[in-house]
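I have placed the structure first, in the form of structure tokens, so that the comments after it can refer back to it.
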Amino acid sequence: MGVFTDKVEVITKIPPARMFRALVFGYDNLIPKIIFPKAIRNVELIEGDGGPGSIKKITFGEGSQVKYVKYKIEAIDEKDFSFNYTVIEGDALMNNLKKISHDIKFMAAPDGGSICNISISNHYTIGDIYIKEEDVKAEKERALGLFKAVEAYLLANREACKMKVD
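Note that the numbering used here gives residue 115 to position 115 of the sequence shown, counting from 1, and the numbers run on in steps of one.
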């Protein structure tokens, strides 16, 4: 098994606590509304209480190349604004990946916004599979698009995600 890792840094105008709340606690409700209203059919909790050890399933809508993804929440640190999850099942693994692990950490930026460091692609391959550069680039672009869409939503909706979102 090989491991391929890549990193992305995203800078936003939103403070770290608010971005963290939106992307970690508000993901299930916010993302289908603001980014993919037709692309994500639903997000469901399969196992656990939503904290570490929990498993969630995202079911995508018609026309999506990916039908579903299951991921396990590995860690949530509200004080450090960090989140770790692992894709463990679904079309995103493309029959040649055992799992994909993501580590996300939000830090304060000097201007009051946040810097988000994402270890976006810890791909654990099956055998000697080669990860294509265009696949990595596409994953980075999706992550950047997600963060920028959330930032735009939070800037337009000043009261959103100031407290935990259930």
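Positions of the beta carbon are idealized from the N, C-alpha and C atoms, including for glycine.
In the DSSP assignment, the beta strand (DSSP E) including Leu-30 goes from what residue to what residue? Here Leu-30 belongs to no beta strand (DSSP E); instead the alpha helix (DSSP H) covers 27 to 34.
Taking the alpha-carbon positions, what's the Ala-39 to Ser-64 distance? 7 Å
Nearest-angstrom Cα distance between Ala-160 and Gly-127? 44 Å
Hey, could you find the ends of the beta strand (DSSP E) Ala-75 is sitting in? 68 to 77
Looking at the secondary structure, which residues open and close the alpha helix (DSSP H) in which Tyr-153 lies? 133 to 156
C-alpha gap between Ala-109 and Ile-11, whole angstroms: 8 Å
Segment limits, alpha helix (DSSP H) that includes Phe-20: 16 to 20
Indicate whether Lys-57 and Glu-74 have their beta-carbon atoms separated by less than 8 Å. no
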